[in-house]
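K.L.:
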Amino acid sequence: MKNRSLNNQTVLITGASSGIGFATAIYFDNIGIKVYAGVRKESDGERLKEHEINNITPVILDVCDYPSIQRAFDLIKKKEEGTIFNLINNAGLSLNGPLELMDQNDIQKLIDVNVTGLLTVTRTFLPLIREKMGRLVNISSGHGLVAVPDKSVYAASKFAVQAVSESLRVELMPFGVFVSNIVVGKINTNVLGKIMAERQKMTEQTNYEVYELYRTQIEYFDREVKNLPSIEASEAAEMISRALTDEKPKMQYLVGPGAKKMKILALFPPKMRGKMLYKAIFK
Ligand SMILES: NC(=O)c1ccc[n+]([C@@H]2O[C@H](COP(=O)([O-])OP(=O)(O)OC[C@H]3O[C@@H](n4cnc5c(N)ncnc54)[C@H](OP(=O)(O)O)[C@@H]3O)[C@@H](O)[C@H]2O)c1
Numbered sequence: 018m019k020n021r022s023l024n025n026q027t028v029l030i031t032g033a034s035s036g037i038g039f040a041t042a043i044y045f046d047n048i049g050i051k052v053y054a055g056v057r058k059e060s061d062g063e064r065l066k067e068h069e070i071n072n073i074t075p076v077i078l079d080v081c082d083y084p085s086i087q088r089a090f091d092l093i094k095k096k097e098e099g100t101i102f103n104l105i106n107n108a109g110l111s112l113n114g115p116l117e118l119m120d121q122n123d124i125q126k127l128i129d130v131n132v133t134g135l136l137t138v139t140r141t142f143l144p145l146i147r148e149k150m151g152r153l154v155n156i157s158s159g160h161g162l163v164a165v166p167d168k169s170v171y172a173a174s175k176f177a178v179q180a181v182s183e184s185l186r187v188e189l190m191p192f193g194v195f196v197s198n199i200v201v202g203k204i205n206t207n208v209l210g211k212i213m214a215e216r217q218k219m220t221e222q223t224n225y226e227v228y229e230l231y232r233t234q235i236e237y238f239d240r241e242v243k244n245l246p247s248i249e250a251s252e253a254a255e256m257i258s259r260a261l262t263d264e265k266p267k268m269q270y271l272v273g274p275g276a277k278k279m280k281i282l283a284l285f286p287p288k289m290r291g292k293m294l295y296k297a298i299f300k
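Going by this note's numbering, the residue at position 36 of the sequence shown is 53; the numbering climbs one at a time, nothing skipped.
(1) Whole angstroms is fine: what's the gap from L136's alpha carbon to A260's?
(2) So, at 8 Å on beta carbons, what are the nonlocal neighbours of S157 in its own chain, with the 5 sequence-adjacent residues on each side left out?
(3) I think I30 touches G55, with their Cβ atoms under 8 Å apart; what is that distance to the nearest whole Å?
(4) Output the distance between the C-alpha atoms of E82 and R88, rounded to the nearest integer angstrom.
(5) Report whether the distance from the Cβ of L78 to the nearest heavy atom of ligand 1 is below 7 Å.
(6) Rounded to whole angstroms, what is the Cα-Cα separation between V138 and E226?
(7) Leaving out five residues before and five after G99 in sequence, what residues of the same chain have Cβ atoms less than 8 Å from its Cβ?
(8) Indicate, with yes or no, if ligand 2 has a heavy atom lying under 7 Å from the CB of G32.
(9) Compute the beta-carbon to beta-carbon distance between S34 and K58, rounded to the nearest angstrom, for a pair I have assumed lies under 8 Å.
(10) My output table needs one value for T364: the three-state DSSP class, helix, strand or coil.
(11) Going straight from the alpha carbon of R290 to that of D120, what length do you get?
(12) What are the boundary residues of the beta strand (DSSP E) that A54 is part of?
(13) With hydrogens ignored, establish whether the beta-carbon of N207 is closer than 7 Å to any heavy atom of ligand 1.
(14) Please classify L112 as buried or exposed, where buried requires at least 16 other C-beta atoms within 10 Å of its C-beta.
(15) Would you say the beta carbon of N72 is closer than 7 Å to some non-hydrogen atom of ligand 1?
(16) Are the Cβ atoms of N71 and D46 separated by less than 8 Å?
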């Protein structure tokens, strides 16, 4: 695959304080793309600067706080007039568990970050992306391809990300803007610890009898989270970077073995898939 020139390229990565966003910021900086790293705490920006080789500029950006998005836009626009501006929508939360056991505020927060936040950041930065034919890259998940039990809220958000990518792919075609969707499988990041912590919170907060109704599936998916093969965030960063560096970027990049497994599962008719899942969990 031929590579696009990296001259005069800038990227903004949301959620760059840890995990995939952090690793991707470091990766782009290493290959010479100027990075704006979206963080919510100054200390996270300072940690990124410790790894800087070329040019990483931390920007305070909470995807649920519109004024912070607008401030980041104003700052980047002022500094980057004339450069090719690319956006990676990476910030995201995870939430696993049976819907009945979930906390209402957690559901709202996840949709705010993973869906509304992504739309708002994209809408705000589109004029800059469009100006010089930059690119838009959305970080989705295998759960955006197949919605399994225990992931109703998270899958809803990542199906939404798939939908946004698919819609904008054609909407932005007249301007020469490519849109890629990154389907991420299990990556070794903080998210895995956060999932287990949420499980613990759910167990403690739920009425014992209701919890017992869902115990089999909860335990099944706990084992899945632990046993699925994973890759490191740095490997994921390398794959994600291709959406910016490939001369002709793909509509979809699969990252990690978990993503490939979900892509295969998605090929089965939904009724058959449901039966397979039911059998795997309950029999
Ligand atoms: N790891 C996996 O196995 C996996 C699998 C599939 C998809 N993904 C996707 O990959 C992306 C990155 O996840 P990760 O694994 O790297 O998790 P992570 O280490 O927990 O990183 C999540 C990032 O999102 C940021 N964030 C959360 N709420 C935010 C908000 N309101 N505004 C701005 N930033 C916010 C966090 O910032 P703070 O530190 O400030 O909270 C953090 O930088 C997510 O979209 C996730 O859904 C991950």
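Don't be surprised by glycine CBs; every beta carbon is placed ideally from N, CA and C.
Since the structure is predicted, the reported quantities are computational estimates derived from the model, not experimental observations.
P.N.:
In brief:
(1) Walking along the sequence shown from the start, residue 136 turns up at place 119. Walking along the sequence shown from the start, residue 260 turns up at place 243. So the alpha carbons of these two residues sit roughly 19 Å apart.
(2) As a position in the sequence shown, residue 157 is number 140, starting the count at 1. The answer, listed in chain order, is K175, V178, Q179, S182, N198, I199, V200, V201.
(3) Locating residue 30 in the sequence shown gives position 13, counting from the first residue. Locating residue 55 in the sequence shown gives position 38, counting from the first residue. Yes, they are in contact, since the Cβ atoms of I30 and G55 sit about 6 Å apart, within 8 Å.
(4) What you label residue 82 is simply residue 65 of the sequence shown in a count that begins at 1. What you label residue 88 is simply residue 71 of the sequence shown in a count that begins at 1. One detail in the question is off: residue 82 reads as Asp in this sequence, not Glu. Cα to Cα, D82 sits roughly 10 Å from R88.
(5) Sequence index remark: in the sequence shown, residue 78 carries index 61 (1-based). Yes, ligand 1 has a heavy atom inside 7 Å of this Cβ.
(6) Within the sequence shown, the letter at position 121 stands for residue 138. Within the sequence shown, the letter at position 209 stands for residue 226. So the two alpha carbons sit approximately 42 Å from each other.
(7) Position 82 of the sequence shown holds residue 99. Cβ-Cβ distances below 8 Å link G99 to N25, K149 in the same chain, with the five nearest sequence neighbours on each side left out; the list follows chain order.
(8) Inclusion of ligand 2 in the displayed structure is not the case, the ligand content consisting of ligand 1 alone.
(9) Here residue 34 is taken as the residue at index 17 of the sequence shown, counted from 1. Here residue 58 is taken as the residue at index 41 of the sequence shown, counted from 1. The pair is a contact, with the Cβ atoms about 7 Å apart (cut-off 8 Å).
(10) Since the first residue of the chain shown is 18 and the last is 300, residue 364 is not available in this structure.
(11) Position 273 of the sequence shown, counted from the start, is the residue given in the question as residue 290. Position 103 of the sequence shown, counted from the start, is the residue given in the question as residue 120. For R290 and D120, the gap between their C-alpha atoms comes out near 28 Å.
(12) The residue you call residue 54 lines up with position 37 of the sequence shown. A54 -> beta strand (DSSP E) spans 51-56.
(13) For the purposes of this step, residue 207 is taken as residue 190 along the sequence shown, with counting starting at 1. Checking the 7 Å criterion, the Cβ of N207 is within range of a heavy atom belonging to ligand 1.
(14) Here residue 112 is taken as the residue at index 95 of the sequence shown, counted from 1. So L112 ends up on the buried side.
(15) What you label residue 72 is simply residue 55 of the sequence shown in a count that begins at 1. Outside the cutoff, so no.
(16) By 1-based counting over the sequence shown, the position of residue 71 is 54. By 1-based counting over the sequence shown, the position of residue 46 is 29. Closer than 8 Å, so yes.
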